[in-house]
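Below is one structure, written out as structure tokens, with a few remarks after it.
In my numbering, the protein residues as written are 191 to 360.
Following this line, the structure appears as structure tokens:
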């Protein structure tokens, strides 16, 4: 039903959902997002009811899907190509605002870095991307948003065989 090559996943945090997210399960999640009933999904993928439930169970166990009355619902944001383009445009605008603030604080960041031992070996321009990209935007921003609690809830527990204690946004 769905082109598997066009179903992409993006996550933020630590976890290993790849074993749970088989190609078939990604298609099932998309069908749930499109509000197909379980019986429609069975027909779409040629699955008996028990086989469909067997595919949904690992998704439920990993907190990627939840049972809601007579159906299941993805517990993360699912977007089609048009929605993704709109989100990307909004993210670009938000990124530009973050960049403007970062530019304002750049001198203070540079001075703070100069106080670190590592600054004697690695100049700030050579490590700035790592500090800004990995620590400030990825880790720092996500933690700040999570701690604030108004824009973003805490990252949900999403266990998998390789990472039973995983918490991440998906």
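Backbone N, C-alpha and C fix where the C-beta goes; we use that ideal spot for every residue, glycine too. Note that the structure is predicted; figures quoted are calculated from it, not measured.
Alpha carbons only, please: which of 321, 199, 206 and 352 is nearest the one belonging to residue 269? In the chain shown, residue 269 corresponds to position 79, counting from 1. Minimum Cα distance to residue 269 is reached at 199.
Can you give the beta carbon distance from residue 215 to residue 249, rounded, assuming they're within the 8 Å contact cut? Residue numbering aside, residue 215 sits at position 25 when the chain shown is read from its first letter. Residue numbering aside, residue 249 sits at position 59 when the chain shown is read from its first letter. Their Cβ separation, rounded to whole angstroms, is 6 Å, which keeps residue 215 and residue 249 in contact under 8 Å.
Could you tell me which uninterrupted beta strand (DSSP E) segments, each at least 3 residues in length, are contained entirely in the region 244-299, listed from first to last along the chain? 255-258 and 261-264
What ranges does the alpha helix (DSSP H) occupy inside the region 302-340, keeping only unbroken runs of at least 4 residues that lie completely in it? 314-319 and 331-338
From what residue to what residue does the alpha helix (DSSP H) around residue 223 run? Residue 223 sits at position 33 when you count from the first residue of the chain shown. Where residue 223 is concerned, the enclosing alpha helix (DSSP H) stretches over 213-223.
Same chain, Cβ closer than 7 Å to residue 300, five either side skipped, listed in chain order: Locating residue 300 in the chain shown gives position 110, where the first residue counts as 1. 314.
Are residue 265 and residue 277 touching if we call contact CB-CB under 8 Å? For the purposes of this step, residue 265 is taken as the residue at position 75 of the chain shown. For the purposes of this step, residue 277 is taken as the residue at position 87 of the chain shown. For the 8 Å CB-CB criterion, residue 265 and residue 277 do not form a contact.
Quick check on the DSSP output: the beta strand (DSSP E) that includes residue 357 runs from which residue to which? Start at 1 with the first residue of the chain shown, and residue 357 comes out as number 167. Note, residue 357: beta strand (DSSP E), 357-359.
Span of the alpha helix (DSSP H), counted from its first residue to its last, around residue 232: Counted from its first residue, the chain shown places residue 232 at position 42. Counting along the chain, residue 232 sits inside the alpha helix (DSSP H) bounded by residues 228-235.
DSSP state of residue 347 mapped onto helix, strand, coil: Here residue 347 refers to the residue found at position 157 of the chain shown. Three-state result, residue 347: strand.
Simplified DSSP assignment, three categories, for residue 207: Taking the first residue of the chain shown as 1, we reach residue 207 at position 17. Note: residue 207 maps to helix in three-state DSSP.
Please state whether DSSP places residue 198 in a helix, a strand or coil. For the purposes of this step, residue 198 is taken as the residue at position 8 of the chain shown. If DSSP states are grouped into helix, strand and coil, residue 198 belongs with coil.
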